[in-house]
Amino acid sequence: MSPIEDPVGFIRRETKIKPVPHAEEIRLHLADEAMEMWQKTEEELGELGLAPPFWAFAWAGGQGLARYILDTPSLVAGKKVLDFACGSGLVGIAAMMAGARSCHAVDIDPFALAATSLNAKLNGVELTLETADITSSDPPEADIVFCGDVFYEKPMAVKVLAFLDRLTDGDTEVLIGDPGRSFLPTKRLIELAEYSVPVVAALEDNEVKRTRVFRLSKN
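The opening residue of the sequence shown carries number 1 in my numbering; numbering runs sequentially from there.
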């Protein structure tokens with residue numbers, strides 16, 4: 001059976017269950033060998049038009065958000081949460097573990113949602129899942145929205161920021177986790193926390209990234 005027909009089987013075969021370095025309360029299905037995983041998915045899934053395996057790694061921004069949420073449970077307690085561009089589901093899982101009423105996890109990659117489903121079950125929480133690009137849709141109903149590591153390329157950053165602006169215009173709180181990626185809208189951000197986060201050196205420029213959690217201010 002091909003990976004596209006059995007994403008859950010592919011994820012289980014190609015990952016190992018590991019604690020998240022900066023949020024060890026949470027375990028995820030993570031790539032064991034970063035570059036090997038990246039190359040494998042490019043070979044097996046790239047020709048099918050699927051995205052790189054962002055879901056197979058605990059990126060710095062997501063780890064920072066997860067740590068902040070777990071350490072500040074009042075932030076999400078009893079609230080409806082949106083985990084935007086959820087990847088592995090790390091941030092949504094942290095929100096549910098910290099007492100959120102619900103969490104809706106969204107990503108454009110169906111493999112990310114398959115990974116998020118597996119990871120949620122692994123950590124004993126429930127998330128609702130949606131494979132979609134919601135940036136052009138009406139803002140979803142949520143009390144607070146989290147997005148990590150989404151400002152790494154200009155076209156995506158412009159599109160995402162316009163979407164987040166519609167959320168803040170409606171008084172939805174937006175928190176961003178980011179290690180200083182190129183297109184981060186720094187002038188719009190209020191810093192809440194800073195961490196030194198262990199990351200995959202083969203994919204980043206260092207083994208530890210200085211990572212911050214921000215609140216997005218209104219435009």
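All C-beta atoms, glycine included, are put in the ideal place defined by N, C-alpha and C.
* What is the DSSP secondary structure of Tyr152, reduced to helix, strand or coil? -> Tyr152 falls in the coil class under three-state DSSP.
* Start and end of the alpha helix (DSSP H) containing Asp71? -> Run containing Asp71: 60-71, per the alpha helix (DSSP H) assignment.
* **Run of the alpha helix (DSSP H) containing Ile190, from where it starts to where it stops** => Looking at the DSSP string, Ile190 is not in any alpha helix (DSSP H); the run it does join, the beta strand (DSSP E), is 189-198.
* **Contained beta strand (DSSP E) runs [length at least 3] in the segment 120-179, N- to C-terminal order** => Listed in chain order, the complete beta strand (DSSP E) runs (minimum 3 residues) inside the segment 120-179 are 128-131, 144-148, 173-178.
* **Same chain, Cβ closer than 7 Å to Leu161, five either side skipped, listed in chain order** => Excluding sequence neighbours, Leu161 sits near Pro185.
* Is Ala201 buried or exposed, if buried means 16 or more other CB atoms sit within 10 Å of its CB? -> It is exposed - the Cβ of Ala201 has fewer than 16 other Cβ atoms within 10 Å.
* **Secondary structure of Phe183, DSSP reduced to three states** => Under the three-state reduction of DSSP output, Phe183 falls in the coil class, being neither helix nor strand.
* To do: Starting from Pro19, trace the beta strand (DSSP E) both ways and give me its first and last residue.
  => In the DSSP assignment, Pro19 falls within the unbroken beta strand (DSSP E) covering 15-20.
* Asked: Taking C-beta to C-beta, are Trp55 and Ala112 nearer than 9 Å?
  -> Cβ atoms of Trp55 and Ala112: closer than 9 Å.
* Asked: Sorted by chain position, which residues of the same chain lie with C-beta nearer than 7 Å to Ser117's C-beta, five sequence neighbours on each side aside?
  -> For Ser117, the CB contacts under 7 Å within the same chain, skipping 5 residues up- and downstream, are Leu129 in chain order.
* To do: List the whole-angstrom C-beta distance separating Gly61 from Thr172, where the pair is believed to meet the contact cut-off of C-beta under 8 Å.
  => In this structure Gly61 does not touch Thr172 by the C-beta definition: roughly 19 Å separates them, more than the 8 Å allowed.
* Asked: Relative to the ligand HEM, is the shortest distance from any of its heavy atoms to the C-beta of Asn123 smaller than 8 Å?
  -> Only the bare structure without any ligand can be found here, which leaves the ligand HEM out of the picture.
* To do: Give the range of the beta strand (DSSP E) segment to which Leu203 is assigned.
  => Taken as a continuous stretch (DSSP letters only), Leu203 belongs to no beta strand (DSSP E), as it is neither H nor E.
* Spatially closest choice to Pro7 from Ser182, Val213, Arg166, Asp109, by CA coordinates -> Answer by Cα proximity: Asp109.
* Asked: Per DSSP, what kind of secondary structure is Ile93 in: helix, strand or coil?
  -> DSSP places Ile93 in helix when its eight states are reduced to three.
* Asked: Excluding the five sequence neighbours on either side, which residues of its own chain have a C-beta within less than 7 Å of the C-beta of Cys86, listed in chain order?
  -> Non-local beta-carbon contacts of Cys86 in its own chain, meaning distances under 7 Å to residues more than five positions away in sequence, involve Gly92, Ala105, Val106, Asp107, Ala112, Thr116 in chain order.
* Asked: Given Asp143, which residues of its chain have a CB within under 6 Å of its CB, disregarding the five upstream and five downstream residues?
  -> Apart from sequence neighbours up to five positions away, the residues of its chain that approach Asp143 with a beta-carbon distance below 6 Å are Lys79, Lys80, ordered along the chain.
* Pro179 and Glu207: beta carbons closer than 9 Å? -> No. Outside cutoff.
* **Per-residue DSSP class, three states only, for Arg210** => Reduced to three states, the DSSP call for Arg210 is strand.
* **Residue interval of the beta strand (DSSP E) (run including Leu75)** => In the DSSP assignment, Leu75 falls outside any beta strand (DSSP E), carrying neither H nor E.
* Look up Glu24 in the DSSP assignment and say whether it is helix, strand or coil. => When secondary structure is reduced to three states using DSSP, Glu24 falls in the strand class.
* Enumerate in chain order the residues of its own chain whose CB-to-CB distance from Ala120 is below 7 Å, with the five nearest sequence positions on each side excluded. => Within the same chain, Ala120 has close Cβ partners Gly89, Ile93, Glu126, Leu127.
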